[in-house]
Amino acid sequence: MKSLLVIGLTASLLGASVTAAAAPETLNGLLEQVRGFSAADKVTNQKREQAFNQDLAQKRALLSKSRDRLALAEAEQERLKEAFDANDLLLAEKEAQLTQRAGQLGEVFGVAKEKAAELRPLLADSLVSAQHPDRDQVLTFADSKRVPTLQDLEALWYQLQLEMTASGQISQFSAPVIGQDGQQRELAVTRFGVFSAAAEDLYLQWDAEQQTLAALPTQPRQAASQLAAYASGTAAQVTIDPSRGQLFMLLDREPRLLERIQQGGNVGYLILALGALGLLVSLYQVLRMVMSEIKVAAQLRRPEKLSVKNALGRVLLAAQQTGSAEQRELKVDEAILQELPAIERGQSFVKLLAAVAPLLGLLGTVIGMIATFQSITLFGTSDPKLMAGGISQALMTTVLGLVVAIPLLFCHSYLATRSRRLTQILQEKSLGLLAEPVAAAPQQELPRAA
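In this note's numbering, the protein residues as written are 27 to 476.
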């Protein structure tokens, strides 16, 4: 049954192929066509078998090569294992031999390596390395497993002795220095122990990372004059930093005058503006008062010629008017009262500014504290720098308020004193004239017509 089914399927396929190619007219033609198809299939199968055989031969050759390489690798592994075991035994023997020969010196070598490892970063950070560069390179044995030699131990001793000796010496040498402009130049350097160094008129700091000397960005006050005097031999003292440059570096963080003013914020600027205005008013009033006093002094030297161009002359002219004593006294009081506004002009304004300046400083303090508490609310107290702005404003506005108020108070007191003195002269001379009997009026100097 199965054979008939296979034959039927084959016939159907052949029939389909024959129908697809060309339908024969006779049975013989169909038979010949089937034979042709069979021959073609046979040739195709033979080619496939040849390709499969060639591929199989290649695979067998590759398998053979892989087996050969595996055998070689296993042999090499065995050889390396034997060599490793032999070297391990040899290393153990050498270590035992080293321990036996070193004896008590093993502890000495360990201490020497430990001290060398501790000394290397100290030498790199020392100012003496500017004069003796690459000192830490002679102590590289601290990181190796080899036994320190005699030269290594001598180098360790020498560097320790050199550091101790140089810490108490003032020496001069030539070294590359990075200036404030960022350019590197070869300069004559003076080293003061291990604390400070200077070149020409500049204090220097030691950069351990770059292993070079660099000028401080902010030089101490009078640094140039002190260093020049010391270098010329006219001075026996010079300022040094015992903290190895840390104190001098703090100078760069110290705010300048303009930076301190900026810390006060808008309230600080307002205080300074009011202070400047008060000083200008005070200066203007002082100049006017000086001119008035000069004119009054000139009038005192010429009592016979009264002039309306000065306060004293105007008051005395009022005192010489005819009438009863009471009328003359009232005229004098009226004249003095007319002169007082010009004499006391600006004093109340200066006094007001002197009182307002501390109040504005207090206002800035409150604003600064509010900003500080806002920073604490938002960021907490973990970083003090976040609160520094508000605290700086609080303190600087208070300082600015006091700085403005104190000079203005002195100005007001000075103006009040001079005005009282001028007013006293007017009252004294006018009362003296009222006490005399009415006489002929002295010559009056009238202003000239323009």
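Heads up, the beta-carbon is just placed ideally off N, CA and C, and yes, glycines get one too.
- Rounded to whole angstroms, the gap between the alpha carbons of Ser418 and Ala156 is 40 Å.
- By the neighbour-count criterion, in which a residue is buried when 16 or more other Cβ atoms sit within 10 angstroms of its Cβ, Trp232 is buried.
- In this structure Ala323 is not in contact with Arg340, their Cβ atoms being roughly 15 Å apart against a cut-off of 8 Å.
- Across the set Asn292, Met190 and Val215, the C-alpha of Val215 shows the shortest separation from the C-alpha of Ala254.
- When beta bridges are read from the DSSP output, Ser197 appears opposite Arg217.
- Taken in chain order, the unbroken stretches of beta strand (DSSP E) that lie wholly in the segment 232-281 and span 3 residues or more are 238-241.
- In the three-state reduction of the DSSP assignment, Val429 falls in the helix class, which pools H, G and I.
- Between Gly387 and Thr423, the gap from beta carbon to beta carbon is short of 8 Å.
- Taking C-beta atoms under 8 Å as the contact rule, Leu239 and Val203 qualify, at a distance of about 5 Å.
- Pro174 is classed as buried because its beta carbon has at least 16 other beta carbons within 10 Å across all chains shown.
- The C-beta separation of Ser222 from Ile266 comes to about 4 Å, placing the pair in contact by the 8 Å criterion.
- The residue among Gln364, Arg172, Tyr229 and Glu189 with its C-alpha nearest the C-alpha of Leu242 is Tyr229.
- In the three-state scheme derived from DSSP, where H, G and I count as helix and E and B as strand, Arg172 is classed as coil.
- The C-beta of Glu365 has 16 or more other C-beta atoms within 10 Å across all chains shown, which makes the residue buried.
- Beta-bridge partners of Ala225 (DSSP): Val215 and Leu228.
- For the pair of segments examined, the segment 428-439 was found to touch the segment 376-384: the number of CB pairs separated by less than 8 Å reaches three.
- By the Cβ-count criterion, Arg161 is buried, with 16 or more other Cβ atoms from all chains shown falling within 10 Å of its own Cβ.
- Contact check for Met395 against Ala368 fails: the beta carbons are separated by 8 Å or more.
- Around the beta carbon of Met190, fewer than 16 other beta carbons lie within 10 angstroms, which makes this residue exposed.
- The C-alpha of Pro268 is placed about 25 Å away from the C-alpha of Tyr184.
- Excluding the 5 residues flanking it on each side, Tyr440 has no same chain C-beta neighbour closer than 6 Å.
- If the five residues before and after Glu226 are omitted, its C-beta is found closer than 7 Å to the C-beta atoms of Leu213, all from its own chain and listed in chain order.
- The DSSP-derived three-state label of Gln123 is helix.
- With respect to the 8 Å criterion, Arg211 and Leu153 are not classified as neighbours on the basis of their beta carbons.
- Apart from the 5 residues on each side of it in sequence, Ala138 sits with its Cβ closer than 7 Å to the Cβ of Pro174, Leu179 and Leu182 in its chain, given in chain order.
- The shortest C-alpha to C-alpha distance from Glu370 to any of Ile320, Leu385, Val312 and Arg327 is the one to Val312.
- Rounded to the nearest whole angstrom, the CA to CA distance from Leu389 to Val293 is 8 Å.
- Note on geometry: alpha-carbon atoms of Ala101 and Ala65 lie some 54 Å from one another.
- Here Val220 is actually not in contact with Ala257; their C-beta atoms are around 20 Å apart, not less than 8 Å.
- The beta carbons of Ser251 and Leu448 sit no closer together than 8 Å.
- Within a 10 Å sphere around the beta-carbon of Ile297 sit 16 or more other beta-carbons, which makes this residue buried.
- The bridge partners DSSP lists for Ile204 are Gln210 and Ala240.
- Ranked by Cα distance from Ala234, the first of Arg93, Leu149, Ala168 and Gly372 is Leu149.
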